[in-house]
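S.K.: Can you read through this structure? Questions will come right after.
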Amino acid sequence: MKLLPQPDTYYALFGEDIELKCGLDTNEKTPTLLWRFNEENNIIGDHYRQTKEGLLVLNVTEKLIGNYTCTYYFTNDDVTDTASMKISLKPAKIPVIEEIYSNNTLHVLRSTTANVKCKVSAEPSAKIQWYKNKAELDLRKSNATIENKDNESILKVFYSTDAYLGNFTCYAWNKFGNTSKTFALVEGNRPETPTLSIGKSSDRSCSLYIYPNPPKQSLITIKVFHKNQKLNNSDWTITNLQLEKENPYSLDQLESSSSYIIKAEICSDYEICTFSNDETCETVAPTTGSANRVMQNIITQFIWLLPAFVIGFYSQ
61 MKLLPQPDTY
71 YALFGEDIEL
81 KCGLDTNEKT
91 PTLLWRFNEE
101 NNIIGDHYRQ
111 TKEGLLVLNV
121 TEKLIGNYTC
131 TYYFTNDDVT
141 DTASMKISLK
151 PAKIPVIEEI
161 YSNNTLHVLR
171 STTANVKCKV
181 SAEPSAKIQW
191 YKNKAELDLR
201 KSNATIENKD
211 NESILKVFYS
221 TDAYLGNFTC
231 YAWNKFGNTS
241 KTFALVEGNR
251 PETPTLSIGK
261 SSDRSCSLYI
271 YPNPPKQSLI
281 TIKVFHKNQK
291 LNNSDWTITN
301 LQLEKENPYS
311 LDQLESSSSY
321 IIKAEICSDY
331 EICTFSNDET
341 CETVAPTTGS
351 ANRVMQNIIT
361 QFIWLLPAFV
371 IGFYSQ
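What follows is the structure in structure tokens.
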């Protein structure tokens, strides 16, 4: 016996009926058909109806999602002929766009590339199409490229003239439904390049001045990148500064007697960023008061640990 070519995976929305196909390519024999669900024995019951070409699953619920096996048996003169097939029933999901540019407007600098990812959650996988100004996107005329993956599409638009700006829409669909999201691609401007200067330093901190004092209403982040020159090949450490503060800013929790390279980055409310100049901050050695505080901390920790040490010593 031989089964007809048919899908081995089906998708169904909860509450709907679906037929799982399992047909033979010949009518010469009259075999017995047995269905199993997740390795259970014959499952024909209230939730199922056997059909001529398969199994009808009624009112699909989460409990009916899983792996089905259809097996044909034919016995003649003590010789048994069989044919079987495994079929997976999965929950369908109408497409939902989970990730795209979060705001309604995306700003891009002239002579740079705007990258927009349209990530979709869907079962089965969604097909994705891009539109510009309500018409199917012409890649050549839009100076754009598209990279498609499973449930994901990345649109790249190189902005050199205003003709490449406009309203872009990501449209996703599968057999169960569709969805779309639109954003406007417009020209953006880079924030004014900040100037960084170093103020007073202590054993554990450096004060910073950022000029011009960034206007808080147009910024989303001020970050300070710093790394200790005493540590070879060290990575940049990033500290977010509080937007509501004014100059000077304080960069804390540094190592004493160290030299730090520092630079500031400011980002606009449309996420275009610019860096300041690099500066060096020298932290000083701990003062007598700081050294005393360190020694007091060591003594305190020793006093707390002393009873445990004594008990452990005498228990040996």
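Its first residue numbered 61, the sequence shown is counted upward by one per residue in this note's numbering. All residues carry an ideal CB built from backbone N, CA and C; glycine is no exception.
Closest to tyrosine 269 by CA distance: which of Thr239, Ser310, Asp68 is it?
M.R.: Within the sequence shown, numbered from 1, the residue matching residue 269 stands at position 209. The residue with the shortest Cα to Cα distance from tyrosine 269 is Ser310.
S.K.: Looking only at its chain, what residues have a beta carbon closer than 8 Å to the beta carbon of leucine 84, apart from the 5 residues adjacent to it on each side?
M.R.: Your numbering for residue 84 matches position 24 in the sequence shown. For leucine 84, where only same-chain residues beyond five positions count, the Cβ hits under 8 Å are Met61, Lys62, Leu63, Leu64, Pro91, Tyr132, Ala143.
S.K.: Taking all protein chains shown into account, do 16 or more other C-beta atoms lie within 10 angstroms of the C-beta of glutamine 313, making it buried, or fewer, making it exposed?
M.R.: Counting from one through the sequence shown, the residue named residue 313 turns up at place 253. Exposure of glutamine 313 is indicated by the presence of fewer than 16 other C-beta atoms within 10 angstroms of its C-beta.
S.K.: Just checking: is the beta-carbon of asparagine 238 within a distance shorter than 8 Å of some beta-carbon in chain D?
M.R.: The chain inventory of the structure shown lacks chain D, comprising one protein chain alone.
S.K.: Residues in its own chain within less than 8 Å of valine 246 by CB, not counting five upstream and five downstream?
M.R.: Counting from 1 along the sequence shown, the entry for residue 246 is found at position 186. So the qualifying residues of the chain are Thr165, Leu166, His167, Val168, Leu225.
S.K.: Under 6 Å Cβ to Cβ from isoleucine 147, same chain only, skipping five residues before and after it: list those, please.
M.R.: By 1-based counting over the sequence shown, the position of residue 147 is 87. Result list for isoleucine 147: Asp68, Leu80, Tyr128, in chain order.
S.K.: Across the stretch 209–227 and the stretch 179–192, are there enough close Cβ pairs to call them in contact, namely three or more that are closer than 8 Å?
M.R.: yes
S.K.: Spatial neighbours of serine 318 within its chain, please: C-beta separation below 7 Å, excluding the five flanking residues on both sides.
M.R.: As a working note, residue 318 is residue 258 in the sequence shown. So the qualifying residues of the chain are Asn288, Lys290, Thr343.
S.K.: Give me the Cα-Cα distance between valine 139 and glycine 126, rounded to the nearest whole angstrom.
M.R.: Within the sequence shown, the letter at position 79 stands for residue 139. Within the sequence shown, the letter at position 66 stands for residue 126. Distance between the alpha carbons of valine 139 and glycine 126 is about 32 Å.
S.K.: With distances taken from CA atoms, which of Trp296, Cys266, Tyr271, Leu301 is nearest lysine 283?
M.R.: Counting from 1 along the sequence shown, the entry for residue 283 is found at position 223. Taking only the C-alpha atoms, the option nearest lysine 283 is Leu301.
S.K.: Are proline 251 and alanine 324 touching if we call contact CB-CB under 8 Å?
M.R.: As a working mapping, residue 251 is identified with position 191 in the sequence shown. As a working mapping, residue 324 is identified with position 264 in the sequence shown. Result no, Cβ atoms of proline 251 and alanine 324 do not sit closer than 8 Å.
S.K.: Start and end of the beta strand (DSSP E) containing lysine 216?
M.R.: What you label residue 216 is simply residue 156 of the sequence shown in a count that begins at 1. Segment 212–219, the beta strand (DSSP E) holding lysine 216.
S.K.: May I have the straight-line CA-CA distance separating threonine 340 from isoleucine 258, to the nearest angstrom?
M.R.: On the sequence shown, position 280 is the one that residue 340 refers to. On the sequence shown, position 198 is the one that residue 258 refers to. If I take the Cα positions, the gap works out to 8 Å.
S.K.: DSSP three-state call for arginine 200: helix, strand or coil?
M.R.: Numbered from 1 along the sequence shown, position 140 holds the residue referred to as residue 200. Reduced to three states, the DSSP call for arginine 200 is helix.
S.K.: What residues in its chain sit with their C-beta under 8 Å from that of glycine 248, if we drop five residues either side in the sequence?
M.R.: Here residue 248 corresponds to residue number 188 of the sequence shown, with the count starting at 1. If we look at glycine 248 and ignore the five residues flanking it on each side, its Cβ neighbours are His167, Val168, Leu169, Ser328, Tyr330, Ile332.
S.K.: Using a 10 Å radius around the Cβ and a threshold of 16 neighbouring Cβ atoms, would you call alanine 174 buried or exposed?
M.R.: As a first step, residue 174 is located in the sequence shown; it is residue number 114 there, counting from the start. Buried.
S.K.: According to the Cβ coordinates, are isoleucine 160 and lysine 216 closer than 8 Å?
M.R.: Locating residue 160 in the sequence shown gives position 100, where the first residue counts as 1. Locating residue 216 in the sequence shown gives position 156, where the first residue counts as 1. Contact: no.
S.K.: What are the partner residues of alanine 143, as DSSP defines its beta bridges?
M.R.: Position 83 of the sequence shown, counting from 1, holds the residue named residue 143. The partner list for alanine 143 (beta bridge, DSSP) reads Tyr132.
S.K.: Just to confirm, is the Cβ distance from glycine 75 to isoleucine 154 under 8 Å?
M.R.: The residue you call residue 75 lines up with position 15 of the sequence shown. The residue you call residue 154 lines up with position 94 of the sequence shown. Taking 8 Å as the Cβ cut-off, glycine 75 and isoleucine 154 do not qualify as a contacting pair.
S.K.: Would you tell me roughly how many angstroms separate the C-alpha atoms of asparagine 307 and serine 316, rounded to the nearest one?
M.R.: Here residue 307 refers to the residue found at position 247 of the sequence shown. Here residue 316 refers to the residue found at position 256 of the sequence shown. Approximately 23 Å, taken between the alpha carbons.
S.K.: Among all the DSSP beta bridges, which residues are the ones paired with tryptophan 95?
M.R.: The residue you call residue 95 lines up with position 35 of the sequence shown. Tryptophan 95 is bridged by DSSP to Cys130.
S.K.: Helix or strand or just coil, what does DSSP make of leucine 64?
M.R.: As a position in the sequence shown, residue 64 is number 4, starting the count at 1. Correct three-state label for leucine 64: coil.
S.K.: Hey, how far is the Cα of serine 336 from the Cα of tyrosine 231?
M.R.: Walking along the sequence shown from the start, residue 336 turns up at place 276. Walking along the sequence shown from the start, residue 231 turns up at place 171. Taking the straight line joining both Cα atoms gives about 40 Å.
S.K.: Taking the alpha carbon of glutamate 100 as the point to measure from, which residue in Glu212, Ile78, Phe218, Cys130 has its own alpha carbon closest?
M.R.: Translated into the one-based positions of the sequence shown, residue 100 becomes position 40. Ranking Glu212, Ile78, Phe218, Cys130 by Cα distance to glutamate 100 puts Cys130 first.
S.K.: Identify which residue in Ile322, Ile321, Ser267, Asp295 has its Cα closest to the Cα of lysine 305.
M.R.: The sequence position of residue 305 within the sequence shown is 245, counting from 1. Of Ile322, Ile321, Ser267, Asp295, the residue nearest in Cα terms is Ser267.
S.K.: Taking the Cβ atom as the reference point for each residue, do valine 120 and alanine 72 lie within a distance shorter than 8 Å?
M.R.: As a working mapping, residue 120 is identified with position 60 in the sequence shown. As a working mapping, residue 72 is identified with position 12 in the sequence shown. Yes. Within cutoff.
S.K.: Along the chain, where does the beta strand (DSSP E) containing serine 261 start, and where does it finish?
M.R.: Here residue 261 corresponds to residue number 201 of the sequence shown, with the count starting at 1. That run of the beta strand (DSSP E) goes 255–261.
S.K.: Check each candidate in Leu149, Lys150, Asp210, Ala152 and name the one with the smallest Cα separation from lysine 179.
M.R.: As a working mapping, residue 179 is identified with position 119 in the sequence shown. Measuring from the Cα of lysine 179, the nearest candidate turns out to be Asp210.
S.K.: Relative to the C-alpha of serine 262, which residue among Leu149, Leu197, Ile157, Pro346 is closest?
M.R.: The sequence position of residue 262 within the sequence shown is 202, counting from 1. Ranked by how close their Cα comes to the Cα of serine 262, the residues Leu149, Leu197, Ile157, Pro346 have Pro346 in first place.
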